[in-house]
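I have placed the structure first, in the form of structure tokens, so that the comments after it can refer back to it.
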Amino acid sequence: EEIKGFSTGDLELKIVSEKYQISQLADIALEATGASMAKDDFREELSHYIISNTSSKKFGLPGFTIGFPTPISYFAPFMLKHFDLSKVTKKQDEPLLKEYTPHLGLVLTKGDTVADWLETGRVFERTSLLITKHSASVAVWAAPIQMGDFYQQIQKVLGSSLRPQMFFRMGYAEKKFTGHSPRLTTEEVLK
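FYI, the numbering for the sequence shown is 959 to 1149, going by this note's numbering.
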């Protein structure tokens, strides 16, 4: 109920819980992810941010954040840079989205301006903090929003003319996840 209060006249925070709609949105997300991974320049850039699961670096994405076990995480940057792994990752992402995601969240706005993007970030931050406060998890999927015209397919599924700005999964995890992405301290950020 508290989440519904985050919507305003120019912004809607939509929670999708119906399995049929989740499945339709999952198909769009998977197709958009495949389209992004098919781009050599995207994979090249992503490869610079992937680190091994055992790295002590505080900047980057450990391989486990994209499904790589520790031994493979050492080779993940090379693999991502040189190979489109979207067919492999789709096999794990499809059931994750369609079977194990009880809710999808979307932030939609009337416009598509910098002000809309900033307000989207504020609303997502409040939403994410509230979800976490209730011991649930949230995970962002950027490709369906950022790649090409996939956002228009989302609009059709939702029956909305508003512009999707944020797409995320949320729910209670069945397994306790022990790892996390690296974190910088406040002092390190301010340096």
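Glycine included, each C-beta is placed from N, C-alpha and C at the ideal position. Bear in mind the structure is a predicted one, so any value in this text is a computation, not a measurement.
Segment limits, beta strand (DSSP E) that includes residue i
i: Pro1102; result: No beta strand (DSSP E) holds Pro1102; the alpha helix (DSSP H) holding it covers 1101 to 1104.
i: Glu970; result: 969 to 974
i: Ala1097; result: 1095 to 1098
Reduced DSSP category for residue i - H, G, I as helix; E, B as strand; rest coil
i: Phe1126; result: strand
i: Gly1117; result: coil
i: Gly1063; result: strand
i: Glu1132; result: coil
i: Glu960; result: coil
i: Leu1142; result: coil
i: Phe1036; result: helix
i: Phe1108; result: helix
i: Phe1000; result: helix
Boundaries of the alpha helix (DSSP H) in which residue i is found, first to last residue
i: Leu1054; result: 1044 to 1056
i: Ala984; result: 977 to 995
i: Ile1030; result: 1028 to 1031
i: Gly1079; result: 1072 to 1091
Euclidean distance between Cα positions of residue i and residue j
i: Trp1099; j: Lys1149; result: 30 Å
i: Ser994; j: Phe1108; result: 11 Å
i: Glu1132; j: Asp998; result: 35 Å
i: Lys1015; j: Gly1025; result: 19 Å
i: Pro1122; j: Thr1143; result: 32 Å
i: Tyr1130; j: Leu1062; result: 12 Å
i: Glu907; j: Leu1087; result: Since the first residue of the chain shown is 959 and the last is 1149, residue 907 is not available in this structure.
i: Met1124; j: Glu970; result: 11 Å
i: Met1037; j: Gly1106; result: 25 Å
i: Ala996; j: Ile1112; result: 21 Å
i: Lys1039; j: Gly963; result: 42 Å
i: Ser1031; j: Ser1005; result: 11 Å
i: Ser1013; j: Pro1020; result: 8 Å
i: Ala987; j: Gly1018; result: 23 Å
i: Lys1045; j: Gly992; result: 7 Å
i: Gln1104; j: Ala990; result: 9 Å
i: Trp1075; j: Gly1069; result: 9 Å
Whole-angstrom C-beta distance between residue j and residue i, which should lie under 8 Å
i: Thr1085; j: Ile961; result: 6 Å
i: Thr1078; j: Thr1090; result: With a Cβ gap of about 18 Å, Thr1078 and Thr1090 do not count as contacting.
Paired residues, beta bridge with residue i - DSSP
i: Ile1009; result: Pro1020
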